[in-house]
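Q: Protein sequence lines correspond, in order, to chains L and X. For reference, each letter of the first sequence is one residue, going 3 to 143 in the working numbering. For reference, each letter of the second sequence is one residue, going 3 to 143 in the working numbering. Here a beta-carbon is modelled for each residue, glycine too, at the ideal position from N, C-alpha and C. Values in this document were obtained by computation on a predicted structure and should not be read as measured data. Before anything else, here's the structure in question.
2 protein chains.
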Amino acid sequence: MKRNTWQREAVRTALTGTEGFVSAQVLHSHLRDTGSSIGLATVYRALASLEETGEVDALQQDGESLYRACTQGTHHHHLICRNCGTTVEISADPVEQWARQVAAEHGFTQANHVVDVFGLCAACTALAAAGGQVAEPGRVT
Amino acid sequence: MKRNTWQREAVRTALTGTEGFVSAQVLHSHLRDTGSSIGLATVYRALASLEETGEVDALQQDGESLYRACTQGTHHHHLICRNCGTTVEISADPVEQWARQVAAEHGFTQANHVVDVFGLCAACTALAAAGGQVAEPGRVT
DNA sequence: TGCTAAACGATAATCATTGTCAAAAAGGGT
DNA sequence: ACCCTTTTTGACAATGATTATCGTTTAGCA
C-alpha cells in the first residue's frame, strides 16, 4: 500500500508555500536550506507521485520540469510570469471546446492539450521598465 | 555574415521530407543513414538556427525537443498524433484572442503562449482498436 | 588564388533526471 | 510494545539529451 512519510509531506508543504512554479532541484535546495535532510531523488519521486494523483501541476520549460501546487481541483491552465514565476490559474472553457472540436474535425481521438500563457506580470513589467534586470526562471518567489 | 553550407541545407531538406516532428538525434541518424557525414553538433546548431529564423517549429515532449518544417509562414499551432507523429497545422484565432485577453486582464505584458493538441490520428486509432501496439514517439513517419 | 571569419566535427563536459541497492521505517498483525 | 514484510529512502552511479571546446575546414569576397 502507499505509505505516508514525512518526506512526501515535506515536499507537499514546501510546494504549497511557494507562489510560482519551481524545479525539483530548487525545491530540494530550499528544503535543505530549511534544515531538512531529504534526498534529491526522493524529491523527484515525491513530485512524480504528487503529479500522478493530480495534487500538483507540472509544465516543461527550457527542458526542465517545473511544479506547482494546485489550488483548483478541476482542469485548468496557467498564466505564468516568465521572470518571477508568479502564476495565475485560469479556466479556459472556450479553449477546451476548441481543442475538442479541432481534434474531432481531423479524426483524432483521445485528445488532450497543452495550453500555457507566459508573460511579464505587472510587477515585473514595472521592474523591467525601471531598468531592472530579469532574473532566471525556476527561482522561488 | 551568415553562410550557406551544404550541412544547413541538408538539415532543411531532411526536415522538409519528414511528415511529423522529429528529434535532433533521429534526424541526425537519418542523415547518416542516407550517406551524409554531417556531425551531430552541426544538426543541433542548424536546427537552433532554423528555429530562430522561423523556418521550423519546435516543441518539447518528454524533455526532448522535436522539430518540424513549417509550411505556413504565419503563426499557427499543431495537432499531433502522439503515436506516429503525424502533424496537422491549425490556426486558432479564437485562442490567440483569448490568450491576449487573459494576459491583459491580469496585467501581464509581452505575452506569448504554448498551445498544442495531442491525440491519436485516425489511422493510429484504427490500429489501436485492432490491437496494434503503439510505437514510441520521436520516430519518423 | 588568398584571406579571414564563420561553420564544422569529434569529443569532452554539463545538467537534469532516473536506476541501483543496502539501510531505514511505515503499517499491520501478534 | 514488538516483530515482520514491504515500501521508501538516500547516496551515488548511470543515462541521455544538449552544449562547450578547439583545432580544422571552408564559404564569401577581394
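Just to make sure I have the definition right: I need the residues of chain X whose C-beta is within less than 9 Å of the C-beta of L:His-80. Which are they?
A: What L:His-80 touches in chain X: nothing, since even the nearest Cβ is about 10 Å away.
Q: Cα separation between X:Gln-99 and X:Ala-128?
A: Each residue's alpha carbon lies about 35 Å from the other.
Q: Who are the neighbours of X:Phe-23 on chain L, taking C-beta pairs under 8 Å?
A: Chain L residues near X:Phe-23: none, gap ~13 Å exceeds 8 Å.
Q: By Cβ distance, which residues of its chain are closer than 7 Å to X:Val-97, with the 5 residues on each side in sequence left out?
A: Same-chain partners within the cutoff: Val-117.
Q: Enumerate, from N- to C-terminal direction, the unbroken beta strand (DSSP E) stretches of 3 or more residues contained entirely within the segment 69 to 97 of chain X.
A: Runs of the beta strand (DSSP E) inside the segment 69 to 97 of chain X: 79 to 83 and 89 to 92.
Q: Could you name the residues of chain X that L:Val-119 contacts, counting a contact when the two beta carbons are closer than 7 Å?
A: Result: Ala-101, Val-104, Ala-105, Ala-113 and His-115.
Q: Given that X:Val-45 touches chain L, what residues does it touch there, using C-beta distances under 8 Å?
A: Within 8 Å Cβ-Cβ: nothing; X:Val-45 doesn't reach chain L, min ~17 Å.
Q: What does the alpha-carbon distance come out to for the pair L:Val-142 and L:Gln-63?
A: Because L:Val-142 sits at a pLDDT of 38, beneath the cut-off of 50, its placement in the model cannot be relied upon, and the following sentence gives the value as read from the coordinates. Roughly 15 Å between the two C-alpha positions.
Q: So, is L:Glu-138 buried or exposed, given that buried needs 16 or more other C-beta atoms within 10 angstroms?
A: The pLDDT assigned to L:Glu-138 is 40, lower than 50, so where the model puts this residue is not dependable, and the model offers no usable value.
Q: Identify the continuous beta strand (DSSP E) that holds X:His-115 and give its terminal residues.
A: 111 to 122 is the span of the beta strand (DSSP E), which, as asked, contains X:His-115.
Q: Taking DSSP's pairing of strands, which residues face L:Ala-60 in a bridge?
A: In the DSSP output, where bridge partners are listed per residue, L:Ala-60 has L:Tyr-69.
Q: By DSSP's criteria, X:Ser-25 is part of a beta bridge. Which residues make up the other side?
A: In DSSP, X:Ser-25 forms a bridge with X:Leu-68.
Q: Give a yes or no on contact between the segment 85 to 92 of chain X and the segment 73 to 84 of chain L, applying the rule of three or more CB pairs nearer than 8 Å.
A: The segment 85 to 92 of chain X is not in contact with the segment 73 to 84 of chain L.
Q: For the putative contact between X:Leu-29 and X:Val-45, defined by C-beta atoms under 8 Å, what is the C-beta separation to the nearest angstrom?
A: With 8 Å as the limit, X:Leu-29 and X:Val-45 qualify as a contact, their Cβ atoms being about 6 Å apart.
Q: Roughly how far, in whole angstroms, is the beta-carbon of X:Leu-17 from the beta-carbon of X:Tyr-69, given that I think they are within contact range, below 8 Å?
A: The pair is a contact, with the Cβ atoms about 6 Å apart (cut-off 8 Å).
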